[in-house]
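Number of protein chains: 2
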Amino acid sequence: MRTDGKRGRNTRGTSIAGCILCFLCLLCSSPSFAQGVLSDPKFKSAEQFVENDHDRFVREIIQLTEIEAPPFKEQKRGKAFAAMLKQYGLSDVTIDAEGNVIGVRKGTANGPLIAIAGHLDTVFPEGTNVKVRREGTRLYAPGVGDDTRALAVLLEIIRAMDAAKIQTPGDILFIGNVGEEGPGDLRGMKYLFEKGPYKDKIKMFISLDPFGAGNDVTNAGIGSKRFKVTFRGPGGHSFGSFGLVNPAYALGDAIVKLSKMQVPSRPRTTYNVGVVGGGTSVNSIPYEAWMDVDIRSEAREELTKAVDAFTRLMHESADEENRARSTSQGRIEVEVKLIGDRPFGQTAMNSPIVQTASAVIQGFGMNPTYGMSSTDSNIPMSLGIPAITLESGGNGGRNHTLDEWIDVEKGPSVRGIEIAMGILLSLSGIQ
Amino acid sequence: MRTDGKRGRNTRGTSIAGCILCFLCLLCSSPSFAQGVLSDPKFKSAEQFVENDHDRFVREIIQLTEIEAPPFKEQKRGKAFAAMLKQYGLSDVTIDAEGNVIGVRKGTANGPLIAIAGHLDTVFPEGTNVKVRREGTRLYAPGVGDDTRALAVLLEIIRAMDAAKIQTPGDILFIGNVGEEGPGDLRGMKYLFEKGPYKDKIKMFISLDPFGAGNDVTNAGIGSKRFKVTFRGPGGHSFGSFGLVNPAYALGDAIVKLSKMQVPSRPRTTYNVGVVGGGTSVNSIPYEAWMDVDIRSEAREELTKAVDAFTRLMHESADEENRARSTSQGRIEVEVKLIGDRPFGQTAMNSPIVQTASAVIQGFGMNPTYGMSSTDSNIPMSLGIPAITLESGGNGGRNHTLDEWIDVEKGPSVRGIEIAMGILLSLSGIQ
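These protein sequences, in sequence, are chains A and B.
In our numbering, each residue carries its 1-based index in the first sequence increased by 1.
In our numbering, each residue carries its 1-based index in the second sequence increased by 1.
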């Protein structure tokens with residue numbers, strides 16, 4: 002567990018209670034405890050339920066996928082998910098001020114509060130066709146695997162625990178959260194861990210995101226910074242003012258410069274131009290042109306270097322356009338505005354949560370792999386709260402594109418659900 | 002008058018009537034006839050009215066400017082303008098199937114049908130603040146001078162003719178037309194001259210567009226071609242799929258290549274990137290990125306050369322992006338789609354309409370200048386119908402930008418209205 006300044010402040014007032022919780026947590030979450038849970042008859046019964054219930058699970062993926070959930074517009078899907086949490090018996094189902102849907106499965110004692118979440122939002126704008134097309138065991142639809150499958154996994158785990166009469170010492174929060182993608186900038190998690198009623202209460206966090214076999218554990222959060230770069234100029238008539246500076250030309254040059262920016266492959270460092278826009282009519286020189294840029298790195302210093310280089314390039318492009326054409330009616334100005342900032346974070350390899358996840362994955366006969374990514378877990382990790390991001394099961398591909406698909410072939414699909422359930426229950430303990 | 006194939010076909014069946022009309026037209030429209038009109042007491046009386054009525058004229062500019070009229074959404078302004086045409090006594094006020102507002106001022110005999118028009122549409126999208134800000138004699142607002150002032154000039158001419166009891170032998174059409182700007186692609190004129198009820202009936206056409214002293218006569222229509230260039234690719238996750246081809250990078254490269262394209266300054270040839278767009282979220286590689294491009298030239302062969310060079314550059318940019326990054330998930334494809342095509346056209350310098358306009362301008366003590374442009378007159382010109390585009394009077398600047406302004410200082414403003422009225426009545430004759 003990290004003990005950086007922020008986390009220290011958060012727990013200072015509850016140090017004795019914290020120690021007891023940590024001890025209980027360590028006790029429950031040891032790898033050997035994980036083996037015990039996996040062989041528990043109740044867990045076996047829950048697994049059997051998941052297998053028998055798979056058709057309903059697939060129906061619920063489709064049902065939720067077909068409710069569009071663009072960034073900042075997750076309400077409709079959120080309401081449907083809240084209704085399902087209630088239907089499956091969770092208590093205190095709420096939609097918090099940020100839009101996160103949270104249901105509580107009550108524990109029997111004072112075990113640590115664990116939260117498990119999938120994100121409601123997709124990257125796709127309003128009006129995207131989200132109708133699911135099924136071909137054999139494949140489901141095709143924008144958002145079907147990133148991250149709608151995870152929402153259905155949460156519902157399946159709740160039903161299986163109920164069917165197998167599994168009780169846990171502590172409460173478990175089942176969460177469909179907002180704002181994981183793009184401009185959301187992890188707003189759901191920032192609210193949950195930094196402002197909302199569960200602030201300082203969640204002791205462990207699991208994010209399921211996105212599809213995948215189930216053996217990968219993301220235990221480090223890649224930092225990312227996101228920018229809106231806007232070039233502004235005087236505009237003008239396309240014919241009458243030909244020869245004046247054009248912000249679209251500065252933007253084009255900036256895109257080209259960025260596309261040639263050198264970044265290391267280790268530590269993996271990336272950039273992306275994700276959205277471009279600007280201008281009002283074909284026969285006018287635009288008065289502004291802009292792009293949204295995402296820069297990420299596995300290493301803090303590489304991120305800083307890449308951001309510095311990128312910022313320099315943006316100003317160079319504005320300067321070059323001002324040299325290339327007439328500034329008689331005004332110059333090109335550039336604004337580089339930070340629109341997203343995902344903190345770095347890490348959950349130690351030898352922490353109980355990572356060790357337990359590894360043991361469960363091995364218990365399913367698979368080799369765990371470990372990775373860095375930029376997910377909802379970045380926020381708890383950055384606050385020193387043990388957090389991991391797991392795959393939600395099954396195969397899939399092309400997420401963030403209109404061709405996104407998942408395979409719900411029963412074997413791998415069920416195993417993914419069982420691994421997530423196994424890790425959750427090994428962390429919480431079962432009764 | 003041009004006698005190319007199309008015009009030949011249109012008039013073949015009415016050649017004798019056509020000859021008589023041409024004769025009448027020539028008779029009325031000679032420069033000496035223009036001098037007679039300008040010194041006619043009724044015309045003097047109309048001029049006096051324009052001078053006295055200037056405050057109302059300015060109020061009507063403001064009133065019409067503050068009704069937004071984006072491309073393809075001119076209806077609201079069109080309805081208001083139609084109501085004003087009715088209010089000032091025109092008959093047969095209609096809004097045709099394309100959206101053009103047309104009112105008829107009936108003639109007393111069978112003189113040639115003359116049309117005078119300003120365009121309803123602006124380049125500005127819905128939601129643009131169109132509130133007029135007045136500073137001294139200057140009015141600031143998007144669209145105030147291009148072309149809203151012209152609409153108010155039409156209303157002023159109608160009122161002045163009525164006040165001075167001026168009758169004309171032929172009918173005059175007063176038109177507020179749609180689709181002059183950008184994507185409108187002259188749809189108002191194309192409908193008026195090629196499809197609507199006045200097809201083949203209008204014998205002379207005057208467009209007022211935009212503001213300006215009033216001594217400039219556009220008697221040649223610059224050809225322009227407009228394109229939507231769309232780069233499409235496989236898309237992907239910004240981090241997970243880093244290294245795949247990105248259509249935004251191809252777009253950036255295409256913009257840079259275009260911005261360096263060599264075009265002659267004589268005959269004036271221009272290009273413009275007017276609108277750019279694409280992508281769905283900052284953390285996704287876009288599956289498409291696009292731009293709208295305007296290419297114009299005073300010379301047909303230069304336009305063809307520029308379009309060919311531009312098209313080649315677009316394909317080069319797609320190819321270069323496919324070489325620069327991985328195409329493992331799919332290649333960048335480019336589509337170059339023609340979205341606008343304004344025909345070339347010319348009204349001969351020695352034609353009665355140009356000669357009459359020149360004489361009237363000289364009658365106001367000014368030196369006429371002659372130009373080429375891309376205006377509503379391109380359509381009648383391309384059909385061989387005598388057409389000119391005149392300035393609507395007054396000073397102004399920065400059209401097609403949010404800083405657009407006109408000066409309604411009384412002297413130059415009134416003179417512009419009087420010149421337009423003088424040219425119209427010299428062409429029609431007065432009784």
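The beta-carbon is built from N, C-alpha and C at its ideal position, and this holds for glycine as well.
Source: prediction; values computed, not measured.
In the same chain as B/Gly108, and ignoring 5 residues on each side of it, the C-beta atoms closer than 6 Å to its own belong to Thr169, Pro170, Gly171 and Asp172, in chain order. With its beta carbon at least 8 Å from every one in chain B, A/Arg301 lies outside the interface.
Within the region 274-298 of chain A, contact with chain B at the beta-carbon level (separation under 8 Å) is assigned to Val274, Gly275, Val276, Val277, Gly278, Gly279, Gly280, Thr281, Ser282, Val283, Asn284, Ser285, Ile286, Pro287, Tyr288, Ala290, Met292, Asp293, Val294, Asp295 and Arg297. The Cβ atoms of A/Lys229 and A/Ile296 do not sit closer than 8 Å to each other. Here B/Leu155 is buried. Its C-beta has 16 or more other C-beta atoms within 10 Å.
If only complete runs of 4 or more residues are kept, the region 119-185 of chain B shows the alpha helix (DSSP H) at 150-164, in order along the chain. Interface annotation for the region 365-386 of chain A against chain B: Ser374 and Ser375, criterion Cβ-Cβ distance under 8 Å.
Counting the other CB atoms within 10 Å of its CB gives B/Thr370 a total below 16, which places it among the exposed residues. B/Gly215 is the residue among B/Gly215, B/Val38 and B/Gly100 whose C-alpha sits nearest the C-alpha of B/Asn368. Against chain A, the beta carbon of B/Val124 has neighbours under 8 Å at Thr281, Ser282, Asn284 and Ser285, listed in chain order.
According to the DSSP assignment, B/Asp293 belongs to the beta strand (DSSP E) that extends over Glu289 to Ser298.
Residue range Lys411 to Ser429 is occupied by the alpha helix (DSSP H) that includes A/Gly417, with no beta strand (DSSP E) assigned at that position. Rounded to the nearest angstrom, the gap between the Cα atoms of A/Phe44 and A/Ile167 is 8 Å. Neighbourhood of A/Pro72 in chain B, by CB distance below 9 Å: Ser282, in chain order. Here B/Glu336 is bridged, per DSSP, to B/Thr231.
In this model, B/Ile103 and B/Leu193 are separated by some 10 Å (Cα to Cα). Proximity to B/Ser260 across A/Ala110, A/Asp254, A/Pro265 and A/Val361 peaks at A/Asp254, based on C-alpha coordinates. With a cutoff of 8 Å on beta-carbon distance, B/Phe50 and B/Ile117 are scored as not near each other.
Interface flag for A/Gly237 against chain B is set, since a Cβ pair is found closer than 8 Å. Scanning its chain for C-beta atoms nearer than 6 Å, with the 5 sequence neighbours on each side dropped, one finds around A/Phe212 the residues Gly146, Arg150, Ser393, Gly395, Gly397 and Ile407, in chain order. Look at A/Met315 here: in three-state DSSP terms it is helix. The Cβ of B/Asp41 sits no closer than 8 Å to any Cβ of chain A. Taking 8 Å as the threshold, the shortest C-beta distance from B/His401 to chain A falls below it. The alpha-carbon separation between A/Gly185 and A/Pro72 amounts to approximately 6 Å. Distance from the Cα of B/Ser375 is smallest, within the candidate group B/Thr271, B/Val276, B/Leu425 and B/Gly423, for B/Thr271. For B/Leu152, the closest alpha carbon among the candidates B/Ile203, B/Ala421, B/Leu304 and B/Thr328 is that of B/Ala421.
One Cα belongs to B/Arg233, the other to A/Gly412, and the distance between them is close to 36 Å. When DSSP reads this structure, B/Thr348 sits in no beta bridge, so it has no partner. At least one C-beta of chain A is nearer than 8 Å to the C-beta of B/Ile256. If you draw a straight line from the Cα of B/Gly237 to the Cα of B/Ala251, it is about 15 Å long. Taking a cut-off of 8 Å for Cβ pairs, the region 129-143 of chain B and the region 76-86 of chain B do not touch, as fewer than three such pairs fall below it. Chain B has a Cβ within less than 8 Å of the Cβ of A/Ala249. Neighbours of A/Glu336 in chain B, taken as residues at a C-beta separation under 7 Å, are lacking, since the least C-beta distance is about 16 Å. Neighbours of B/Thr66 in chain A, taken as residues whose beta carbon is under 7 Å from its own, are absent, since the nearest beta carbon is some 17 Å off. With 16 or more other CB atoms across the displayed protein chains lying within 10 angstroms of its CB, A/Ser352 is buried.
With a threshold of 16 other beta carbon atoms within 10 Å, B/Glu410 falls short and is exposed.
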